[in-house]
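Residues in the sequence shown are numbered from 67 upward in steps of one, following the numbering used here.
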Amino acid sequence: MAELGTDLDKAKHFLEAGNVIGMPTETVYGLAGNALNPDAVLKIFTVKNRPSFDPLIVHTDSIDKLDAFVRDIPEKARQLAERFWPGPLTILLSKKDIIPDLVSSGLDTVAIRIPNHPLALKLLGMLDFPLAAPSANPFGYISPTTAGHVAEQLGEQIPYVLDGGSAQVGIESTIVGFTEGGPVVYRLGGMSLEKLEAVVGKVAVRSHSTSNPKAPGMLSSHYAPRKPLFLKTVPEALASHKPERIGLLAFEELSRLIPVENQQILSVTGDLNEAAKNLFAAMRSLDAHDVDVILAELLPETGLGRAINDRLRRAAFK
Ligand code: TXA
Ligand code: MG
C-alpha cells in the first residue's frame, strides 16, 4: 500500500529509480514518472490502465528548460506561458526526439505544463528530468483532488503519494494548441477562456467534439462516477425514483424534495471557482453514498462554469 507523506527526497529517490508516484498539483493529483524514461512512462499507462493512444502531459518547473524538449514556441504560446505559468494551463508544442513517442502517443506535439503547487515545483527543481503525469485515477474515472483519493484507487500499485493537501483549482488544466494557426482550446479546464482571450485575443474551442483525435482524453466516457449521473431536475427524477434513492449535485441550494444527506452543494455563495474546487470530491462522495442515481445541475456558462459543465456533460449517463 502506498505511503502518504511530504518527503521530497523519498519522492525523488522513487522517481530516479524509474518508479511512478502520486504528485500534488493545483488542478488534480498526477501519477508521475520520468518523462524521458520509456519504462517509467509505460508503468504510468499500466497503473492507470490507460490506452496507449492517449498522450501524457509533461511537467517542468521553468520556461528556460523548454528548449531541451520542444522545437519552437509560437509567439502567442510564449505570451500565455509567461503570463499563466506556473498555472492550470497546458500548451501543445512541437516535440524534440528526446521526448519518447510513448509520451505523445506518436503525435509530433507534446503537452507541457508548469504546475502551480509548491511541493511539485520543489520536486521538479530537484530532478534532472521532467515528469510525465496524467491525472492519478483509473482511466475513465473521476480525477483525484486529495492524496487519499489517489491511495484509495491506485495505492496497491504505487509506493508513494506526495501529500500536498486538497487541490486548490480542482479541475484539470486547460489545454491549448497552435497547430491550426491561431490558439485552439482542446480541453476546457482550470484556466478560463476569458483569461486566455484577455492575453491572446479570440480563442477557438474544439473540446466538444465526440471523437477528437487531438485530445482523446476528452471522449464522452470520461470523468464518470460508477453510478449513473443524469442532467435532470429533481421533479423529473421523482417520476421514476424514490426521494431517498436520489443523490443531488447542486450548485448553490439544497432541494427540499430529497433527504439533505443525499445532497452535495458546490458553492453556497455561487462562486464558480469554489464550485470547481469541490466538484470531484462531491461526485466521489455521492458515488459512495447509498443512492441509485446522481442528478447534477448545470452551472452558468461563464468562467470555470464552462469547464465544470463540460465535465458534467461527459460524466452524464448516455
Ligand atoms: O491538470 C492536468 O492537466 C492534470 C495534472 C496532473 O497536470 N493532468 C491531466 O492529465 O489531466 P490527463 O492525462 O488526465 O489528461 C491529459 C490530456 C488528455 O486528454 C490527452 O489526450 C491530452 O491531454 N494530450 C496530451 N498530449 C497531447 C497532445 N500532444 N496533443 C493533444 N492532446 C494531448
Ligand atoms: Mg485524466
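Don't be surprised by glycine CBs; every beta carbon is placed ideally from N, CA and C.
The structure presented is a predicted model; accordingly, all values stated were derived computationally and were not measured.
Proximity below 8 angstroms, CB of residue i to CB of residue j
i	j	result
A77	A199	no
I331	P309	no
V250	A264	no
A342	V235	yes
V94	E238	yes
I208	P291	yes
I178	V107	no
N203	Q219	yes
I241	L158	yes
F244	P90	no
V227	I87	yes
V300	L262	no
K162	T175	no
S201	G84	no
I129	A147	yes
L297	L189	no
N389	H307	Any answer about residue 389 is impossible in this case: the structure gives the chain only from 67 up to 384.
L173	P121	yes
F135	M257	no
Nearest-angstrom Cβ-Cβ length linking residue i and residue j, presumed shorter than 8 angstroms
i	j	result
D229	T126	Actually they do not touch by this definition, with Cβ atoms about 22 angstroms apart.
I165	A101	7 angstroms
E82	P154	Not a contact, Cβ separation roughly 27 angstroms.
I383	L295	First, the amino acid is wrong: residue 383 is Phe here, not Ile. At roughly 6 angstroms, the Cβ-Cβ gap stays under 8 angstroms, so F383 and L295 are in contact.
S273	Y252	6 angstroms
L51	F317	Nothing can be reported for residue 51, as the shown portion of the chain is limited to 67 through 384.
L370	N339	6 angstroms
L314	S321	6 angstroms
P225	E69	7 angstroms
R311	D358	4 angstroms
S171	S118	6 angstroms
P181	P152	6 angstroms
S67	G221	The question names Ser, yet the displayed sequence has Met at residue 67. With 8 angstroms as the limit, M67 and G221 qualify as a contact, their Cβ atoms being about 5 angstroms apart.
R372	L193	With a Cβ gap of about 34 angstroms, R372 and L193 do not count as contacting.
Local conformation of residue i per DSSP, three classes
i	result
F150	helix
E69	strand
L97	strand
A362	strand
R292	coil
S209	coil
L370	coil
R272	coil
A305	coil
V86	coil
S321	coil
R316	It should be noted that the sequence gives Ala, not Arg, for residue 316. Three-state DSSP puts A316 in a strand.
K161	strand
L378	helix
K78	helix
L155	strand
S277	Only weak support is given to the placement of S277: the predicted model assigns it a pLDDT of 46, under 50, and the question is left unresolved by the model.
F383	coil
Residue-level contact to chain B via CB, residue i, 8 angstroms cutoff
i	result
I180	Included in the structure is just one protein chain, with no chain B present.
Distance cut-off 7 angstroms: residue i Cβ against heavy atoms of the ligand SAH
i	result
G96	The model depicted lacks the ligand SAH and carries the ligand TXA and the ligand MG instead.
Minimum length 3: unbroken beta strand (DSSP E) runs contained in the stretch 108–153: 123–125
Taking only runs that begin and end inside the stretch 173–203, name each unbroken alpha helix (DSSP H) of 4 or more residues, in chain order. 184–192
Along the chain, which unbroken stretches of the beta strand (DSSP E) at least 3 residues long are found entirely within the stretch 224–275? 226–228, 240–243 and 250–253
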